[in-house]
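Right, one structure below, let's go through it.
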Amino acid sequence: MALSPFFVFPHETHMNELDALVDSARVAFAQAATPADLENAKAQYIGKSGRITELMKGMATLSVEEKKTRGAAINLAKQAIEAALAERRQALADAELQAQLKAEALDVTLPGRQRGQGGLHPVSLTLERIEAIFGSQGFEVAEGPEIESDWFNFTALNTPEDHPARSMHDTFYVEGGSAKAPNLLRTHTSPMQIRHAVQHVKRHRAALDAGLPMPEIRVIAPGRTYRVDSDATHSPMFHQCEGLWIGENVSFKDLKVVFTDFCRTFFESDDLVLRFRPSFFPFTEPSAEIDIQFQSGPLAGRWLEVAGSGQVHPNVVRNMGLDPERYIGFAFGMGPDRLTMLRYGVNDLRLFFDGDIRFLSQFR
Ligand code: DAH
């Protein structure tokens, strides 16, 4: 068919126009920086009153043949625009995801958040040390109540009714008990001598009744004690550790050996001497204060009191359920708080009980 120079294929004009439309849609989509912008741009092309819809409507006047070609071409353009739209949607979604990942990025090379590290209280460290040292010498460790009866705290320990320690000035009395036998916060760990010995005797009752030898009582009893007292070297709550060794043939010599050994091990020094200074306690006879003296170091040359001690009084042995003619031994009571102060060079007891983490963390 010969072509008139004036004839232009209708679909060619339309083609170019449609290509341009697709191109401009691509540009508009590319310029949309957000999903919302993109949806606006979409509406201009393939929305209800968009350009494609307009072109469709414009076909009304065309012949059936033209409608076919024109319609197919418009559809192709529409599909191309939809593909461009889908592509841009995906690109925006990817970009958003990337931005989010970047914003939430973890720097795995940063040091982690540290958990606060706890540690034992310096007095607890001392108690552990005392238990380990006496444990290695064959002593059991016993624990007892901090609320005590008058009997265990005083009477059973041969403490007379009018002893000054019983006064309200020294002792915290608590509710419960009777006027004659009030309850109190134990003023020392010595009541554990009686409590432990009574249990021990009970356990070996059969052997005792059969005239067999009773295994020796060898025990320490560390714990909290209370007195109405407060200054740089006294706290209303403080610690004591009781020691008791009872058998058929236990002497003061044994106390000296055991306690000297303990002090040298505790302070990790053989450069240390002990002195047993005569004293008085109702529950021992004879009684002695134990002083130690370092021969070198910052405390050298001073006598430092570390414990009370003595041979257990016959009345106390009797209150343990034992015959004082047959059983004999010694006891001691020391102050773990004092030992801690000496070991670490702390000069105010109250620091131990203020709970200041800056002080306490030095002992970790
Ligand atoms: N209980 C005494 C006090 O608190 C210390 C003491 C002294 C304990 C002599 C003893 C001992 O076992 O034999 O002062």
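Count the sequence shown with the working numbering and you get residues 309 to 672, in order.
No residue lacks a Cβ here, since even glycine has one placed at the ideal position from N, Cα and C.
Note that this is a predicted model, so its numbers are computed, not measured.
Pop quiz: PHE574 and LEU647 are said to be a contact at Cβ under 8 Å. What is the actual Cβ separation, rounded to whole angstroms? 7 Å
Which residues does DSSP list as the beta-bridge partners of GLN548? GLN548 pairs with GLY531.
What is the rounded straight-line gap between the Cα of ALA399 and the Cα of LYS375? 35 Å
If we count the other Cβ atoms within 10 Å of its Cβ and call it buried at 16 or more, is TYR665 buried or exposed? Checking the sequence, you will find Ile at residue 665 rather than Tyr. By the neighbour-count rule (16 or more Cβ atoms within 10 Å), ILE665 is not buried but exposed.
Give me whichever residues DSSP pairs with SER595 in a beta bridge. SER587, GLY618
Nearest to HIS542 by CA position, among ALA338, PHE661, VAL527, is which residue? With distances taken between Cα atoms, HIS542 lies closest to PHE661.
Decide if TYR353 is buried, meaning its Cβ has at least 16 other Cβ atoms within 10 Å, or exposed. buried
ARG396 classed as buried or exposed, judged by whether at least 16 other C-beta atoms fall within 10 angstroms: Burial call: buried.
In angstroms with no decimal places, state the Cα-to-Cα distance between ALA344 and ALA368. Each residue's Cα considered, the two are about 33 Å apart.
Three CB pairs or more closer than 8 Å across the segment 593-612 and the segment 378-398: no
In angstroms, rounded to a whole number, what distance separates the CA positions of ARG283 and ALA413? Here the chain covers residues 309 to 672 and nothing more, so residue 283 does not appear.
For LEU311, count the other beta carbons within 10 Å of its own beta carbon; 16 or more makes it buried, fewer makes it exposed. Which is it? A caution first: LEU311 carries a pLDDT of 48, below 50, which makes its placement in the model unreliable, though a value can still be read off. By the neighbour-count rule (16 or more Cβ atoms within 10 Å), LEU311 is not buried but exposed.
Residue ranges of each alpha helix (DSSP H) run of no fewer than 4 residues wholly in the segment 352-420, ordered along the chain? Annotation: the segment 352-420 contains the following complete segments of the alpha helix (DSSP H) (minimum length 4 residues), in chain order: 359-365, 372-411.
Helix, strand or coil for ASN466, going by three-state DSSP, please let me know. coil
On the three-state DSSP scale, how would you describe PHE337? helix
Looking only at DSSP bridge pairs, what is PRO490 linked to? GLY485
Would you kindly check if the distance between the Cβ of ALA380 and the Cβ of VAL330 is under 7 Å? no
Cβ of SER498 versus every heavy atom of the ligand DAH: is any distance shorter than 6 Å? yes
So who's on the other strand from MET476, going by DSSP bridges? DSSP output for MET476 lists no bridge partner at all.
Between GLY605 and GLY641, how many whole angstroms is the CB-CB distance? I'm expecting something under 8 Å. With a Cβ gap of about 26 Å, GLY605 and GLY641 do not count as contacting.
Compute the Euclidean distance between the alpha carbons of THR467 and LEU659, then round it to the nearest angstrom. 33 Å
Minimum C-alpha distance to ALA519 - residue among ASP631, ARG423, ALA338, ALA392: Note on identity: in this sequence residue 519 is Gly, with Ala being the wrong assignment. Ranking ASP631, ARG423, ALA338, ALA392 by Cα distance to GLY519 puts ASP631 first.
DSSP on ASP517, reduced to helix/strand/coil? helix
Return the Cβ separation of VAL624 and PHE638 in integer angstroms, given the expectation that the two are a contact with Cβ distance under 8 Å. Contact flag wrong, Cβ pair sits at about 11 Å.
How far does the beta strand (DSSP E) with PHE638 in it reach, from first residue to last? 636-642
Determine, using beta carbons only, whether PRO644 and HIS496 come nearer to each other than 7 Å. no
Please determine, among ASP458, ILE502, GLN601, the residue with the shortest C-alpha to C-alpha distance to ALA487. ASP458
Going by other Cβ atoms of all chains shown within 10 Å of its Cβ, with 16 needed for buried, is GLU320 buried or exposed? Confidence is the limiting factor: at GLU320 the pLDDT is only 49, short of 50, which leaves the residue's position unreliable and the question unanswerable from this model.
Among the candidates THR342, LEU433, PHE447, VAL416, whose CA atom is the shortest distance from the CA of PRO523? PHE447
If you run the structure through DSSP and keep just helix, strand and coil, what is GLY663? coil
Report whether the distance from the Cβ of PHE640 to the nearest heavy atom of the ligand DAH is below 6 Å. yes
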